[in-house]
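Chains as they are written, first to last, in my numbering: chain U, 1135 to 1283; chain P, 4 to 275; chain B, 11 to 438.
Each residue gets a CB set at the ideal place from its N, CA and C atoms; glycine is no exception.
Working notes, structure below.
In structure tokens, the structure reads:
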């Protein structure tokens, strides 16, 4: 448990989170390992985990016209997956490990409960998710501009 | 009497190498060599067709060869990229300002390029690597449209193979044969250490440079630690013809390399 | 002050001494000190023009042509627009009979002396490709001594503005510099400003303070038709020494001063110059730019008639065989679509942006670039705008009191740092 707390603390998503919040959140966390090609999340699934990626590369994919998946983006160490975990939305993309991926999974229901119990923790986590969402949006906009054409 | 600044020196092309689709690197051998500072450009002339401003992409330590990398985007560059060995190009220059490779000695240097923007940065990279001990960490971040449009791919691999600099590449779109990162160049900043004392040399489309500068600022790099290279229409290259004006600056003689704190306010005004 | 001309004359200094002083012992020609003045009658002015011709100058000056005052080649004094004045307003220019014999009784004519120095089109170089290789033949620089007859103070100011841009930088325009070096300026101080004039606001006139070899004030109406001529250079003194003149009397000088004082009081327009740069740069998003863009036709007339607008482009052409390529420099305008073209499109696609570029360059960023305003207050852009756009009115609207700055706060634009030499790193 202490180990997991140390790992959580070292992930940029939770950097500078108050120590009492960290030990509170650690109860929702487990360390996971994905083999290359394994899905972290599938289109249509309810997002029941928030993944904090520690090592490896995750491809974010959508099925293409001929069935071949199109990779929209790769994310890696320090990124998070499942930024919409606070909403009721189902995943709209496939997320797959390209190589061996090590991630902390935070159980959504557990996280929700703790955020409700301690609104200050709720605020801290919400703000972090909002920042990540905004970052993702900015990247998507730049990518969409196709500036190197 | 004053020399006519519009008269090019006509030089035969020694080598024309197709880099990627629509992009050709020309090597010329000017008698007496050609000294320039990384970031400077020449006006290149195609017989009877016209002239365009092209950054020098060669090695500043090798003045015997004059190298430009040209992308076919308009009438003149289309004609130019069709030229081969033995054809003649007109050259006048070098003009404009340079990447501050001497001023940033001792600092960690981030070189951030997008698309063809790697070409004007190549002389600066070669200078940094040739004077490796004069700099702190050297990090090269490069974003391109797709794996097929990665410029200087062999050289990127060679630089990556050195043990004294870091090279990260990302593409906007890729198929399954690409095992590298997909996304935008600002994403690469997440994976590298960025410090407020870093010097960042940034070149690419104006929008990309703005996104990169903002991402650098968010990570603590002040505007006066960032340099960008601007592109505007140029006819004379020496501040006589007026075309490249950007508020009080002539991009040809005050630029093309500007410190970002000078350019950021201008970039806030549309169609300036 | 004056020494007799015989004292300094030598054959090589003055190969063609004009006959006037030799024929008449009654009128003695003197070499005048710079800053001093003499009086010429109309015949004396005619003799002065003849002397300039004899010294090898082509005379270029005003004549009536196509219902306008046009600057062009002159044979002599008889070509000057005698008794002709003008009336000018927004989109308006008419000649009128003055009812006197004034030879310089008009305001700024449609075209300025820019045509003579930054010529509308000039070949720069020929590049010939043949089996034997490539040969490059720069166009020989012009050898042409020209005397500008009747240049106004505002126009001399404009020439000095262009000198800074085209001649005084590290890469001078060779053609301009060559032409400029061979010009003799016979200025005529302005006594007849038009409704479009505001040289007083721009501090360029109506009296020329420098930049001339000789400067005349024409005195017409009330007494003898005469010219009080001030010496501005040794070249001016040498030419003046060849024509008969008389010494100035106190009332000549007083009358001459009154001419420009009266003119200064009759400016048709004003454009307060204090704080103008900052006011414009603080209003780059002012709604007035949309307003003026709705009227502007983008015809580029203002840039063509402006005596300081210096933008040029280079035309590349070949002969039919494709062997001989020519590069030519010709006037361009920031109002054209191609002007700011970077692959993919113009960086200023709208007329709003183009008008703003023209006006803010002229009145604001010119200071940053060259340390002066780019406007001399000649009013040509007002008269020759087909829809009568008046820059003084646009500026007044943008500077209307009480309005908050419109430039985005993050875009507050400081003057650029004084640039180092080309090639120097921009940062430190």
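Assuming contact is defined by CB atoms lying nearer than 7 Å, are residue i and residue j in contact in what I supplied?
i                       : j                       : result
residue 138 of chain B  : residue 334 of chain B  : yes
residue 1231 of chain U : residue 1147 of chain U : no
residue 1107 of chain U : residue 1237 of chain U : The structure shown does not extend to residue 1107 of chain U, since chain U spans only 1135 to 1283, so no value can be given for it.
residue 342 of chain P  : residue 190 of chain P  : This structure gives no information on residue 342 of chain P, because the portion of chain P shown stretches from 4 to 275.
residue 54 of chain B   : residue 195 of chain B  : no
residue 174 of chain P  : residue 150 of chain P  : yes
residue 166 of chain B  : residue 221 of chain B  : yes
residue 240 of chain P  : residue 98 of chain P   : yes
residue 231 of chain P  : residue 254 of chain P  : no
residue 140 of chain P  : residue 111 of chain P  : yes
residue 222 of chain P  : residue 195 of chain P  : no
residue 226 of chain B  : residue 239 of chain B  : yes
residue 272 of chain B  : residue 49 of chain B   : no
residue 147 of chain B  : residue 185 of chain B  : no
residue 402 of chain B  : residue 294 of chain B  : no
residue 160 of chain P  : residue 421 of chain B  : no
In this structure, what does DSSP give as the bridge partners for residue i?
i                       : result
residue 326 of chain B  : B:337
residue 203 of chain P  : P:113, P:229
residue 99 of chain B   : B:102
residue 54 of chain P   : P:48
residue 1205 of chain U : U:1195
residue 30 of chain P   : P:18, P:70
residue 72 of chain B   : B:81
residue 404 of chain B  : None, per the DSSP bridge assignment.
residue 13 of chain P   : P:93
residue 248 of chain P  : P:253
residue 283 of chain B  : Beta-bridge pairing links residue 283 of chain B to no other residue.
residue 1228 of chain U : U:1195
residue 196 of chain B  : B:159, B:224
residue 23 of chain P   : P:26
For the beta strand (DSSP E) containing residue i, list its first residue and its last residue.
i                       : result
residue 224 of chain B  : 224-229
residue 256 of chain P  : Per DSSP, residue 256 of chain P belongs to no beta strand (DSSP E) and is neither H nor E.
residue 1192 of chain U : 1192-1197
residue 143 of chain P  : 141-147
residue 98 of chain P   : 91-98
residue 409 of chain B  : Run containing residue 409 of chain B: none; DSSP gives neither H nor E here.
residue 1183 of chain U : 1183-1189
residue 1164 of chain U : 1163-1168
residue 173 of chain P  : 169-174
residue 51 of chain B   : 47-51
residue 136 of chain B  : 131-140
residue 147 of chain B  : 143-148
Provide the residue span of the alpha helix (DSSP H) that contains residue i, from first to last.
i                       : result
residue 124 of chain B  : 124-127
residue 1242 of chain U : 1242-1251
residue 130 of chain P  : 121-133
residue 344 of chain B  : Unbroken run through residue 344 of chain B: none, as it is neither H nor E.
residue 6 of chain B    : Any property of residue 6 of chain B remains undetermined from this structure, which presents chain B solely from 11 to 438.
residue 211 of chain B  : 209-212
residue 236 of chain B  : Per DSSP, residue 236 of chain B belongs to no alpha helix (DSSP H); it is in the beta strand (DSSP E), 236-241.
residue 1157 of chain U : 1153-1159
I want to see whether chain C comes within less than 7 Å of residue i, judged by CB atoms only; does it?
i                      : result
residue 118 of chain P : Of the protein chains in this structure, namely U, P and B, none is chain C.
Report yes or no: do the region 142-154 of chain P and the region 109-127 of chain P share at least 3 C-beta pairs separated by less than 8 Å?
yes
What residues in the region 295-325 of chain B bring their beta carbon closer than 9 Å to a beta carbon of chain P?
295, 319, 320, 321, 322, 323, 324, 325
Between the region 334-345 of chain B and the region 285-301 of chain B, do at least 3 Cβ pairs fall closer than 8 Å?
no
Is the number of C-beta pairs between the region 196-208 of chain B and the region 388-403 of chain B that are closer than 8 Å three or more?
yes
Just by C-beta distance, which residues in the region 395-426 of chain B are closer than 9 Å to chain P?
417, 418, 419, 420, 421, 422, 423, 424, 425, 426
Interfacial residues, the region 182-204 of chain P to chain U, with Cβ spacing under 9 Å:
182, 183, 184, 185, 186, 187, 188, 189, 190, 193, 194
Does the count of Cβ pairs from the region 80-90 of chain P and the region 16-31 of chain P closer than 8 Å reach three?
yes
Is the number of C-beta pairs between the region 125-141 of chain B and the region 90-98 of chain B that are closer than 8 Å three or more?
no
Three Cβ pairs or more, each shorter than 8 Å: is that satisfied between the region 71-81 of chain P and the region 18-35 of chain P?
yes
Closer than 8 Å is the cut-off here; do at least three beta carbon pairs connect the region 1140-1158 of chain U with the region 1238-1251 of chain U?
yes
Check distances from the C-beta atoms of the region 145-158 of chain P to those of chain U and list, in chain order, the residues that come in under 8 Å.
146, 147, 148, 152
Near-chain U residues of the region 207-225 of chain P (beta-carbon distance less than 8 Å), N- to C-terminal order
207, 208, 210, 211, 214
Below 8 Å between beta carbons is the criterion; list the residues of the region 134-168 of chain B that meet it against any residue of chain P, in chain order.
134, 135, 137, 139, 144, 146, 148, 149, 151
Can you pull out the residues from the region 1198-1231 of chain U whose beta carbon lies closer than 9 Å to at least one beta carbon of chain P?
1202, 1203, 1204, 1205, 1206, 1207, 1208, 1209, 1210, 1211, 1212, 1213
Touching or not, the region 365-375 of chain B and the region 306-324 of chain B, by the rule of three or more beta carbon pairs under 8 Å?
yes
Under 8 Å, with one C-beta from each stretch per pair, do the region 69-88 of chain B and the region 105-121 of chain B reach the 3-pair mark?
yes
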